[in-house]
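Chemist:
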Amino acid sequence: MSATGRRVGGSAGRVSLMALGILAFPASGFAQDAQRGKAIYEKWCLECHGETGEGDGAGAKFMLPPPRNFTQAVYQIRTTASGELPTDADLEQVVAEGMPGTAMPEWKSKLSDGERKDVIAYIKKFSTFFEGPAPKPLDFGKAPSSSAEGIAEGRKTYEKLECFKCHGMKGRGEGKSSPTLKDDLGFAIRAADLTENWTFNGGGTVEDIYRRMRTGLDGTPMPSFSDVLDAKIITEEQLWRVAQYVRSLSPEKTPEVKEVIRAHPMTGKLPSGPTDSAWAAVEPQWIPLVGQIIQKPRWFMPNVDGVWVQAAHDDQTLAVKLSWDDRSQSPNPVWDEWLARVMKGASDIDGPLPTKQGPDRFWLQFPKQIPGLDDMERPYFLGGSTRKPVYLWRWASSPDASEEGTGTGFGQFTARPGSADVTHAAVYDQGQWQLQFTRPLVPTDTTAAPAFTVGRPIPIAFFASDGSNGETELRGSVSAWYAIYLDVPTPPTVYVAPVVAVLLTAGLCFMVVWRAQQRGHSTRG
Amino acid sequence: MSANRSGFRLWPRHPFWQAVALAFVAYLIFDWGIPALRYVGIPSAPVPNSVLAEFMFIALIGILIYVSENDARWDEFKQPIQATLVDEDKRWVRNGFLLLVPLVVGLFTFQATRPKVQAPIQLRSIHPAPPASITFRGKTMQVAGLENPLRKEGNLADHVKEGRRVYYQNCLPCHGDRIDGQGHFGHGFSPTPLALDDPGNIAQLTESFVFWRIAKGGPGLPKEGTPWNSAMPVWEDFLTENEIWAVIIFLYDQSGFQPRRWEEATEGAPQGGE
Chain A
70 MSATGRRVGG SAGRVSLMAL GILAFPASGF AQDAQRGKAI YEKWCLECHG
120 ETGEGDGAGA KFMLPPPRNF TQAVYQIRTT ASGELPTDAD LEQVVAEGMP
170 GTAMPEWKSK LSDGERKDVI AYIKKFSTFF EGPAPKPLDF GKAPSSSAEG
220 IAEGRKTYEK LECFKCHGMK GRGEGKSSPT LKDDLGFAIR AADLTENWTF
270 NGGGTVEDIY RRMRTGLDGT PMPSFSDVLD AKIITEEQLW RVAQYVRSLS
320 PEKTPEVKEV IRAHPMTGKL PSGPTDSAWA AVEPQWIPLV GQIIQKPRWF
370 MPNVDGVWVQ AAHDDQTLAV KLSWDDRSQS PNPVWDEWLA RVMKGASDID
420 GPLPTKQGPD RFWLQFPKQI PGLDDMERPY FLGGSTRKPV YLWRWASSPD
470 ASEEGTGTGF GQFTARPGSA DVTHAAVYDQ GQWQLQFTRP LVPTDTTAAP
520 AFTVGRPIPI AFFASDGSNG ETELRGSVSA WYAIYLDVPT PPTVYVAPVV
570 AVLLTAGLCF MVVWRAQQRG HSTRG
Chain B
363 MSANRSGFRL WPRHPFWQAV ALAFVAYLIF DWGIPALRYV GIPSAPVPNS
413 VLAEFMFIAL IGILIYVSEN DARWDEFKQP IQATLVDEDK RWVRNGFLLL
463 VPLVVGLFTF QATRPKVQAP IQLRSIHPAP PASITFRGKT MQVAGLENPL
513 RKEGNLADHV KEGRRVYYQN CLPCHGDRID GQGHFGHGFS PTPLALDDPG
563 NIAQLTESFV FWRIAKGGPG LPKEGTPWNS AMPVWEDFLT ENEIWAVIIF
613 LYDQSGFQPR RWEEATEGAP QGGE
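Same order as they appear, the protein sequences are chains A and B. FYI, in the numbering used here the residues of the first sequence are 70 to 594. FYI, in the numbering used here the residues of the second sequence are 363 to 636.
What follows is the structure, given as structure tokens:
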């Protein structure tokens, strides 16, 4: 706090000096940058990072992680050693690119180079630390070329350096320490999910990962591993191997979001559960999920950020497998402390915040009446309505049970009594839920539940919640409408029309040429 | 050819190449020019393929009329076509076409007939006409002619400040800090949140239209707005009347746009005249 007091005094002093000094110090360019930067900061940054840079703007309690407190001058994305300030280039980089996986937006599309430099000059004024000499970047060297053995060696070093304590053996952030993690200011913080490199705050390439390991993410529990290099416990090459191993945990490319999920036609037996090896033949598709911020109580700090969906059918039965990362199998008392910490940083704008953990939940939603091909209208994507209800499969982890029924609004649910059509199997393993739902394409009672037809898109939507993160009632993550399509094997007749078209056109072309040649040669001579 | 003799020139003299150039220019205008109008402040949208085909058909008829308008030009136009069909020294060009044309036709037929997996297309009108009146928390409000009451009372800077707070505590995750519809949750919804900094949106609307869209949200849209897809909350459940007017003032302040005034809007999109 005393640092803050000093800072405010300092900057007020500078402002009045400026006012007096425009004539006296025409060359004080630095202060002028900051002065221009102030206007930009107040327009674009203030409501998150706060008027005095303390990370307490009006929007601060509506996101996790919260906005940076600039008065501490502690920065995550650096090229400098742990405990040092970032270089100007580091700050320019992070302001230009933003921080993926957080609410910090990229600014290169909105602010010019000059404007970004000005605003950086201004945020540096929130702390007196930047008045010293400029920090020096570390030398990172170059990545060795990647190989399967290299990645295997990286895995060994990952274990040796005990990354798993936080990030877990599977890298999903499910380590033992996970429930205890907090940043230097006491806010809840999640160990990064290393299987989703597109959410890494400082970028998801091997080079980015290596830099984060060398510099640490200051202000968070993520340490710097430069000292194990200095102590010669491992070599630089071995650390590069860890970066390559971590990179290999995520897909090659950031998953592309497609609107249609294809249910694979299976000739053999459908998978009997989520861990059945038959699922290996079905490509998983990524569906992003975001906080439910549409109906009370809204939830701005969701844990589940997406789900991998696989589907298969055998003309009789539909099986859908859902896999999503969740650091906790809820409820679990070791997460009580975490829950309290999350709620301390959350806003109670929609009423009292939950104080108890709930179960983990997953809901699948279809229209109660599947719309015809030329009918655009669907039920309201968030739970349907009384006029146009939805049909739901709802699962909860504790007790492990599922039910099917009708939804007439988000959270308005009537179970379908006495039906055994929908079955499920759920497995929690090292930071991931895998859940399979199975149902006959034609239900026992077609007035109570829709029949699914092959070769036709069926609207589908998703809801997930993490009970240890306080996601009870309507709190959780939601998706838009997608469509699931029960694939039919491609009939050979699709090749008939093109072949006929080629033959006809070729015949016609020859006719034209032949006629022209009959009529004589061109006059050009 | 004579056109080439005078060196490089942008506009060909030969009617055949003129026709080709005209068709190309027409295509550029339809496919690129029309959507680009929004950058100069004229609202426009990409031309759908079916409409593009129609436009091109009309343009081609126009071009044909032009090249056949007098006999000399028509003959000159036909000459290269005729030559390709007949001349011995153009045999390879001819054979090339004989191979290529059927193949391209075959490919298009395959594209058209192969079983496609597509979600039903959700056509939607982004700014459908508002109702003549709405009930806001039980109070009836006439949308037509309605002005933002806060513009006449108190201090504008205070309203901007209040609107800012409302925006950052409610709208931010979707519409984003850059007000471009790319907040950190925006990607989860379809349609994605409206880009409020786009000159085709709030700059074209009256404040009362914006009030209606905020107060009633996605579910309040008429059918042509696909209300079942819109993630826009019904803000009357969360915000007071004054909070909504304040956030509207903030949006115009932050974007630098002016709201459309009722005098300008009488025969515009909102049903003001009725």
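No residue lacks a Cβ here, since even glycine has one placed at the ideal position from N, Cα and C.
#1: Does the distance from the CB of F439/B to the CB of P377/B come in under 7 Å?
#2: How big is the Cα-Cα spacing for F551/B and I146/A?
#3: Sorted by chain position, which residues of the same chain lie with C-beta nearer than 6 Å to R396/A's C-beta, five sequence neighbours on each side aside?
#4: Considering only residues of the same chain and omitting the five flanking positions on each side of M418/B, which have a CB-CB separation below 8 Å?
#5: Within its chain, find whatever has a CB closer than 8 Å to the CB of G316/A; leave out the 5 residues flanking it on each side and keep chain order.
#6: Under the assumption that T149/A contacts P204/A (Cβ atoms under 8 Å), give the Cβ distance between them as a whole number of angstroms.
#7: Whether or not the region 398–418 of chain A and the region 567–580 of chain A are in contact is what I'm after, with contact meaning three or more pairs of Cβ atoms, one per stretch, closer than 8 Å; do they touch?
#8: What is the DSSP secondary structure of I91/A, counted as helix, strand or coil?
#9: Only counting the same chain, and skipping five residues up and downstream in sequence, which positions put a Cβ closer than 6 Å to that of V188/A?
#10: According to DSSP, L433/A sits in a beta bridge with which residue or residues?
#11: Rounded to a whole number of angstroms, what is the C-alpha to C-alpha distance between K186/A and E161/A?
#12: So, helix, strand or coil for S364/B, using DSSP?
#13: What do you get for R137/A, buried or exposed, if any count of 16 or more other CB atoms within 10 angstroms of its CB means buried?
#14: Any Cβ of chain A within less than 7 Å of the Cβ of S552/B?
#15: Is the number of C-beta pairs between the region 278–288 of chain A and the region 520–539 of chain A that are closer than 8 Å three or more?
#16: Straight-line CA distance for I541/B to R447/A?
#17: To which residues of the same chain is L422/B closer than 6 Å at the C-beta, ignoring the five residues directly before and after it?
#18: Can you name, in chain order, every residue of its own chain whose Cβ lies under 6 Å from the Cβ of F233/A, other than the five neighbours on each side?
#19: I'd like to know whether the C-beta of V609/B is nearer than 7 Å to at least one C-beta of chain A.
#20: Here's the rule: buried if 16 or more other CB atoms are within 10 angstroms of the residue's CB, otherwise exposed. What is P486/A?
#21: Using a Cβ cut-off of 7 Å, pull out every chain A residue sitting near P581/B, in sequence order please.
#22: So the candidates are P371/A, Q398/A, V164/A; which of them puts its Cα closest to the Cα of P468/A?
#23: The beta strand (DSSP E) that contains D498/A, what's its start and end?
#24: Quick check for students: name the residue ranges of the beta strand (DSSP E) that lie wholly in the region 450–520 of chain B, counting only runs of 3 or more.
#25: Any idea which residues DSSP pairs A608/B with across the strands?
#26: Quick one: is A127/A near chain C, going by C-beta distance under 7 Å?
#27: Using a beta-carbon distance below 7 Å, is E116/A in contact with chain B?
#28: One question on the structure: do R596/A and K251/A come within less than 7 Å of each other, judged by their Cβ atoms?
#29: If you pair each beta-carbon of the region 509–526 of chain A with each one of the region 515–533 of chain B, do three or more pairs fall below 8 Å?
#30: With which residues is E472/A paired in a DSSP beta bridge?
#31: Quick one: which residues of the region 587–618 of chain B get their C-beta closer than 9 Å to a C-beta of chain A? List them in chain order.
#32: List the endpoints of the continuous alpha helix (DSSP H) containing R284/A.
#33: Please report whether the beta-carbon of A415/A lies at a distance below 7 Å from any beta-carbon of chain B.
Modeler: According to the structure data:
#1: Here residue 439/B corresponds to residue number 77 of the second sequence, with the count starting at 1. Here residue 377/B corresponds to residue number 15 of the second sequence, with the count starting at 1. The Cβ atoms of F439/B and P377/B sit closer than 7 Å to each other.
#2: One-based indexing of the second sequence puts residue 551/B at position 189. One-based indexing of the first sequence puts residue 146/A at position 77. Taking the straight line from one Cα to the other gives about 29 Å.
#3: For the purposes of this step, residue 396/A is identified with residue 327 of the first sequence, where counting begins at 1. In its chain, beyond the 5 residues on either side, G242, E243, S247, G500 have a beta carbon closer than 6 Å to the beta carbon of R396/A.
#4: The residue you call residue 418/B lines up with position 56 of the second sequence. Closer than 8 Å at Cβ, skipping near neighbours: A385, A388, Y389, F392.
#5: As a working note, residue 316/A is residue 247 in the first sequence. Note on residue identity: the sequence assigns Arg, not Gly, to residue 316/A. Excluding the 5 residues flanking it on each side, R316/A has same chain C-beta neighbours closer than 8 Å at N266, G273, T274, V275, I278, in chain order.
#6: For this step, residue 149/A is matched to residue 80 along the first sequence. For this step, residue 204/A is matched to residue 135 along the first sequence. Yes, they are in contact, since the Cβ atoms of T149/A and P204/A sit about 5 Å apart, within 8 Å.
#7: At 8 Å Cβ cutoff, the stretches do not touch.
#8: Walking along the first sequence from the start, residue 91/A turns up at place 22. Low confidence applies to I91/A: its pLDDT is 38, below 50, so where it sits in the model is not reliable, and the reading given next is rough at best. Helix.
#9: Stepping through the first sequence from its first residue, residue 188/A is reached at position 119. Setting aside the 5 residues that flank it on each side, V188/A is surrounded in the same chain by G106, I109, Y110, each with a C-beta closer than 6 Å to its C-beta; the list follows chain order.
#10: For the purposes of this step, residue 433/A is taken as residue 364 along the first sequence, with counting starting at 1. In the DSSP output, where bridge partners are listed per residue, L433/A has W462/A, F531/A.
#11: Numbered from 1 along the first sequence, position 117 holds the residue referred to as residue 186/A. Numbered from 1 along the first sequence, position 92 holds the residue referred to as residue 161/A. Each residue's Cα considered, the two are about 7 Å apart.
#12: Locating residue 364/B in the second sequence gives position 2, counting from the first residue. In this predicted model, S364/B has a pLDDT of only 45, less than 50, meaning its place in the structure is not dependable; the value taken from the coordinates is given anyway. Of the three classes helix, strand and coil, the one that applies to S364/B here is helix, per DSSP.
#13: Taking the first residue of the first sequence as 1, we reach residue 137/A at position 68. Label assigned to R137/A: buried.
#14: Along the second sequence, read from residue 1 onward, the residue named residue 552/B stands at position 190. Interface residue, yes.
#15: Too few Cβ pairs lie closer than 8 Å, so no.
#16: For this step, residue 541/B is matched to residue 179 along the second sequence. For this step, residue 447/A is matched to residue 378 along the first sequence. Their backbone Cα atoms lie some 29 Å apart in a straight line.
#17: Walking along the second sequence from the start, residue 422/B turns up at place 60. Nothing meets the Cβ criterion.
#18: Numbered from 1 along the first sequence, position 164 holds the residue referred to as residue 233/A. Excluding sequence neighbours, F233/A sits near G244.
#19: Your numbering for residue 609/B matches position 247 in the second sequence. Chain A contact via Cβ: absent.
#20: Locating residue 486/A in the first sequence gives position 417, where the first residue counts as 1. It counts as exposed.
#21: If you number the second sequence from 1, residue 581/B lands on position 219. Identification of chain A residues near P581/B by a Cβ-Cβ cut-off of 7 Å yields Y449, ordered along the chain.
#22: By one-based count along the first sequence, residue 468/A stands at place 399. Of the listed residues, the one whose Cα sits closest to P468/A is Q398/A.
#23: Translated into positions along the first sequence, residue 498/A becomes position 429. Under the DSSP assignment, D498/A falls in the beta strand (DSSP E) whose first and last residues are 492–498.
#24: Counting only runs of 3+ residues, the beta strand (DSSP E) found wholly inside the region 450–520 of chain B occupies 495–498, 501–504, in chain order.
#25: For this step, residue 608/B is matched to residue 246 along the second sequence. In the DSSP assignment, A608/B forms no beta bridge with any residue.
#26: Checking the listed chains, one finds no chain C in this structure; the protein chains it contains are A and B.
#27: Position 47 of the first sequence holds residue 116/A. So, interface residue.
#28: The structure shown has nothing for residue 596/A, since chain A only spans 70 to 594.
#29: The region 509–526 of chain A makes no contact with the region 515–533 of chain B: fewer than 3 CB pairs, one atom from each, lie closer than 8 Å.
#30: Taking the first sequence and counting its residues from 1, the one referred to as residue 472/A is at position 403. For E472/A, DSSP records a beta bridge to R463/A.
#31: Listed by position along the chain: T588, P589, W590, N591, S592, A593, M594, P595, V596, D599, F600, Q616.
#32: Numbered from its first residue, the first sequence carries residue 284/A at position 215. Per the sequence shown, residue 284/A should be read as Thr rather than Arg. T284/A -> alpha helix (DSSP H) spans 275–284.
#33: For the purposes of this step, residue 415/A is taken as the residue at position 346 of the first sequence. Not closer than 7 Å to any Cβ of chain B, the Cβ of A415/A fails to qualify, so no.
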